[in-house]
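Asker: Chain order of the listed sequences is G and P. Each residue of the first sequence is one higher than the last, beginning at 1 in the working numbering. Each residue of the second sequence is one higher than the last, beginning at 1 in the working numbering. Ideal Cβ positions, reconstructed from N, Cα and C, are used throughout, including at glycine.
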Amino acid sequence: MKLSEKELEIIEILEKDARTPIDVLAKMIDLPVEETEALVRKLEEAKVIVQYTALIDWRKADGREGVTAMIDVKVTPKRGVGFDEVAERIYRFPEVKSVYLMSGAYDLSVVIEGRSMAEIAQFVSEKLSTLDSVISTTTHFILKKYKHDGIVFDQGDQDRRIVVSP
Amino acid sequence: MKPQTRKTYVSETVAGLKPSGIRRFFDLASSMDGVISLGVGEPDFVTSWSIREASILSLEQGYTSYTPNAGLLELRQEIAAYLRRKFHVDYCPETEILVTVGASQAIDLALRAVLNPGDEVIIVEPSFVAYEPLVVLAGGKPVAVQTSGADQFQLHPMQLEQAVTERTKAVIICSPNNPTGTVLSRKELEALARVAEAHDLLVIADEIYAELTYEGEYTSMAAVSGMRGRTILISGFSKGFAMTGWRLGFAAAPEDILQAMLKIHQYAMMCAPTMAQYGALEALRSGERDVAEMRSSYRRRRNYFVASLNEIGLPCHLPGGAFYAFPSIKPTGLTSEQFAERLLIEEKVAVVPGSVFGPSGEGYIRCSYASSLEQLQEAIKRMKRFLARL
Ligand SMILES: Cc1ncc(COP(=O)(O)O)c(C=O)c1O
Chain G
1 MKLSEKELEI IEILEKDART PIDVLAKMID LPVEETEALV RKLEEAKVIV QYTALIDWRK
61 ADGREGVTAM IDVKVTPKRG VGFDEVAERI YRFPEVKSVY LMSGAYDLSV VIEGRSMAEI
121 AQFVSEKLST LDSVISTTTH FILKKYKHDG IVFDQGDQDR RIVVSP
Chain P
1 MKPQTRKTYV SETVAGLKPS GIRRFFDLAS SMDGVISLGV GEPDFVTSWS IREASILSLE
61 QGYTSYTPNA GLLELRQEIA AYLRRKFHVD YCPETEILVT VGASQAIDLA LRAVLNPGDE
121 VIIVEPSFVA YEPLVVLAGG KPVAVQTSGA DQFQLHPMQL EQAVTERTKA VIICSPNNPT
181 GTVLSRKELE ALARVAEAHD LLVIADEIYA ELTYEGEYTS MAAVSGMRGR TILISGFSKG
241 FAMTGWRLGF AAAPEDILQA MLKIHQYAMM CAPTMAQYGA LEALRSGERD VAEMRSSYRR
301 RRNYFVASLN EIGLPCHLPG GAFYAFPSIK PTGLTSEQFA ERLLIEEKVA VVPGSVFGPS
361 GEGYIRCSYA SSLEQLQEAI KRMKRFLARL
């Protein structure tokens with residue numbers, strides 16, 4: 001889908017801050033509020049804007065820190081359906097946050113979030129490894145998130161400038 | 001024992017300089033907590049990491065000694081390539097480019113290199129606060145030309161013409177302008193160029209905000225036909241590359257003028273800081289994407305902020321460049337000093353009174369929109385409340 005200049009501006013702004021008020025957004029792209037609203041709706045309907053989510057630093061919620069693991073999965077693709085069918089069987093599990101087909105040493109990169117290491121270990125041994133076409137899995141636990149989706153966690157974003165300057 | 005008195009050693013010239021009006025507002029605003037500052041003349045971005053990293057690497061590798069007086073040759077070559085690529089002007093890196101300590105030093109050198117005592121320099125008002133004192137310090141005589149908000153602070157060729165006397169040596173033109181944000185189009189520059197040619201004037205073109213131009217292609221004065229030979233092009237890294245604290249700028253000019261500037265520079269400064277020069281090299285080589293991103297961020301905030309100013313009753317033209325809005329506060333009946341001071345004390349929003357930039361800035365305030373969108377929204381809310389109370 002070919003997006004107009006204004007539509008591109010909208011998604012760039014909303015990608016950085018999905019909560020930008022519509023009247024502010026309208027002024028930023030220099031369009032009337034109603035037209036801006038219509039464009040946003042159109043982008044939502046076309047699934048260009050897939051969803052509005054919040055990036056949460058779960059470490060700050062006591063007892064809910066959770067565990068994230070990245071799992072390298074090697075599979076034998078099935079004739080006719082290739083990797084897609086295996087990928088789908090994996091991404092249907094709600095604890096799976098993302099699945100990518102990769103080039104290189106393994107085939108699928110799977111990101112899992114669980115409440116504990118045990119929960120993830122259980123998922124891998126019971127759900128993932130037992131899939132027909134899965135040959136092997138290598139699980140890497142994430143120890144600390146510094147930056148996620150372009151956002152730096154705990155960034156000291158104070159303004160260091162002096163108050164008035166030429 | 002003799003009484004502890006002494007004569008004042010300070011020169012009459014310096015004693016005669018007005019302290020900057022910006023200074024007073026800085027003192028007032030910094031003594032308060034919770035101030036939203038629209039008073040800053042600098043980007044709210046931190047310098048791109050790749051630039052910082054390149055500078056750190058230069059330190060790790062031990063590049064801590066002087067560079068050539070004119071700056072690293074590599075950097076001058078990169079500046080020449082940049083000027084060619086961006087503005088279609090050709091300068092010889094060996095003889096026509098000088099790396100300076102900020103655009104500030106380049107302006108100072110330009111004036112000191114060309115002025116004889118009493119030479120007049122035309123300054124377009126409202127103007128950047130340093131021009132007038134720097135002309136005076138260089139022994140020249142500043143001559144102000146006032147532009148007006150009624151036509152977006154454009155400088156008309158007629159006005160320039162009228163300000164010229166037989167003592168006029170140069171005119172300083174700043175586009176995009178601090179504080180008005182006004183950008184001169186190619187057509188307007190051409191008209192001014194004809195006046196400069198007719199009266200054999202030198203143009204000191206302060207193009208420090210060239211990277212922050214929001215509509216159309218930027219035209220440099222040096223690129224206007226016939227002007228390369230009578231222009232000192234001044235720019236730098238502070239604004240476009242978010243490198244204010246690095247103190248790095250440059251000048252490009254015909255060889256005779258540039259070599260005169262270099263002569264002063266080599267005695268007064270030796271060279272610009274070495275690690276900053278390595279950072280600047282990286283800025284020119286790989287900074288384009290970051291600059292483009294910062295530019296579009298400023299443009300969106302400008303659109304929001306200027307539309308909101310107009311909405312709350314502070315009429316403001318749409319500035320074509322830099323990151324300043326310069327709205328009129330005339331509807332309030334206050335002077336710009338009174339307005340800025342009361343807004344600061346009553347609502348904790350710091351802006352700079354337009355009168356600081358010369359008499360033609362009276363009736364206006366300078367608001368920098370190089371602040372986060374949340375801060376701008378809050379500032380508008382407070383200003384609206386303030387206006388309702390007047
Ligand atoms: C018009 C203008 N010229 C020059 C400068 C100085 O720039 P630098 O930081 O490169 O010395 C400024 C800074 O505010 C400016 O606004």
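1. Looking at ligand 1, does it come within less than 7 Å of A103 of chain P, judged from the CB to the closest heavy atom?
2. For H317 of chain P, does the count of other Cβ atoms within 10 angstroms reach 16, so buried, or fall short, so exposed?
3. Taking 8 Å as the threshold (beta carbon to beta carbon), is Y369 of chain P in contact with chain G?
4. Taking the Cβ atom as the reference point for each residue, do I107 of chain P and D206 of chain P lie within a distance shorter than 8 Å?
5. Can you pull out the residues from the stretch 323 to 342 of chain P whose beta carbon lies closer than 8 Å to at least one beta carbon of chain G?
6. Please determine whether the Cβ atom of F128 of chain P lies at a distance below 7 Å from any heavy atom of ligand 1.
7. Since M261 of chain P sits in a beta bridge, which residues does DSSP pair it with?
8. Tell me whether G104 of chain G is buried or exposed, calling it buried when 16 or more other Cβ atoms sit within 10 Å of its Cβ.
9. When you compare only the Cα positions, how much space is there between M158 of chain P and N69 of chain P?
10. A223 of chain P to R85 of chain P, Cα distance in whole Å?
11. List, in chain order, every chain G residue whose beta-carbon is nearer than 8 Å to that of I172 of chain P.
12. Hey, quick one: how far does the alpha helix (DSSP H) through Y91 of chain G stretch, first residue to last?
13. Anything in chain G within Cβ reach of I22 of chain P, meaning under 9 Å, just list it in chain order.
14. Along chain P, in chain order, which residues have C-beta atoms closer than 8 Å to that of I120 of chain G?
15. Can you confirm whether the stretch 324 to 338 of chain P touches the stretch 353 to 365 of chain P when touching is taken to mean that 3 or more C-beta pairs between the two stretches lie within less than 8 Å?
16. Quick one: residues in its chain with C-beta nearer than 6 Å to the C-beta of Q155 of chain G, no 5 flanking neighbours on either side, listed in chain order?
17. Alpha helix (DSSP H) containing V114 of chain P: first to last residue?
18. Could you tell me which residues DSSP puts in a beta bridge with R366 of chain P?
19. May I ask you to check if the CB of I10 of chain G is nearer than 7 Å to at least one heavy atom of ligand 1?
20. Decide if S268 of chain P is buried, meaning its Cβ has at least 16 other Cβ atoms within 10 Å, or exposed.
21. Relative to the alpha-carbon of I173 of chain P, which residue among P:Y131, P:R302, P:F237 has its alpha-carbon at the smallest distance?
22. Quick one: residues in its chain with C-beta nearer than 6 Å to the C-beta of V306 of chain P, no 5 flanking neighbours on either side, listed in chain order?
23. Against chain G, which members of the stretch 25 to 50 of chain P pass a CB distance test of less than 7 Å?
24. Quick check: what's the CA-CA separation for A54 of chain G versus V195 of chain P?
25. Which chain G residues are close to Q377 of chain P, counting only those with a beta carbon under 9 Å from its beta carbon?
26. Which of the three DSSP states is assigned to Q146 of chain P in this structure?
27. Does the stretch 80 to 95 of chain G come into contact with the stretch 25 to 41 of chain G, if we say contact requires no fewer than three beta-carbon pairs (one atom in each stretch) closer than 8 Å?
28. Rounding to the nearest angstrom, what Cα-Cα distance links K16 of chain G and R228 of chain P in this structure?
29. Would D72 of chain G and Y100 of chain G qualify as a contact pair, given that the criterion is a beta-carbon distance under 8 Å?
30. Of the residues P:T147, P:L160, P:E12, which one's Cα is nearest the Cα of G181 of chain P?
31. Going by the CB atoms, is the gap between G236 of chain P and G102 of chain P shorter than 8 Å?
32. Let's test the definition: count the other Cβ atoms within 10 Å of the Cβ of I169 of chain G and tell me whether it reaches 16, buried, or not, exposed.
33. Got a sec: does ligand 1 put a non-hydrogen atom nearer than 7 Å to the Cβ of P463 of chain P?
34. Using a Cβ-Cβ cut-off of 8 Å, state whether D62 of chain G counts as contacting chain P.
35. From Y278 of chain P to S55 of chain P, what distance separates their C-alpha atoms?
36. Starting from the C-beta of S371 of chain P, find all residues in its chain whose C-beta is less than 6 Å away, skip the five residues before and the five after it, and write them out in chain order.
Answerer: Reading it off the structure:
1. yes
2. buried
3. no
4. yes
5. none
6. yes
7. Paired residue(s): none; M261 of chain P is not in a bridge.
8. exposed
9. 40 Å
10. 12 Å
11. Under the 8 Å cutoff, chain G gives no residues; its nearest Cβ is about 15 Å from I172 of chain P.
12. 84 to 91
13. V164, S165, P166
14. By Cβ distance, chain P contributes nothing, its closest Cβ being about 33 Å from I120 of chain G, past 8 Å.
15. yes
16. none
17. 102 to 114
18. P:V352
19. no
20. The sequence as given places Ala at residue 268 of chain P; Ser does not occur at that position. So A268 of chain P ends up on the exposed side.
21. P:Y131
22. C316, L318, A325
23. F25, F26, A29, S30, V35, S37, G39, V40, G41, E42, D44
24. 58 Å
25. P21, V24
26. strand
27. no
28. 43 Å
29. no
30. P:T147
31. yes
32. In the structure as shown, chain G starts at 1 and stops at 166, and residue 169 of chain G therefore has no counterpart that could be examined.
33. The question about residue 463 of chain P has no answer, for chain P in this structure spans 1 to 390.
34. no
35. 5 Å
36. D44
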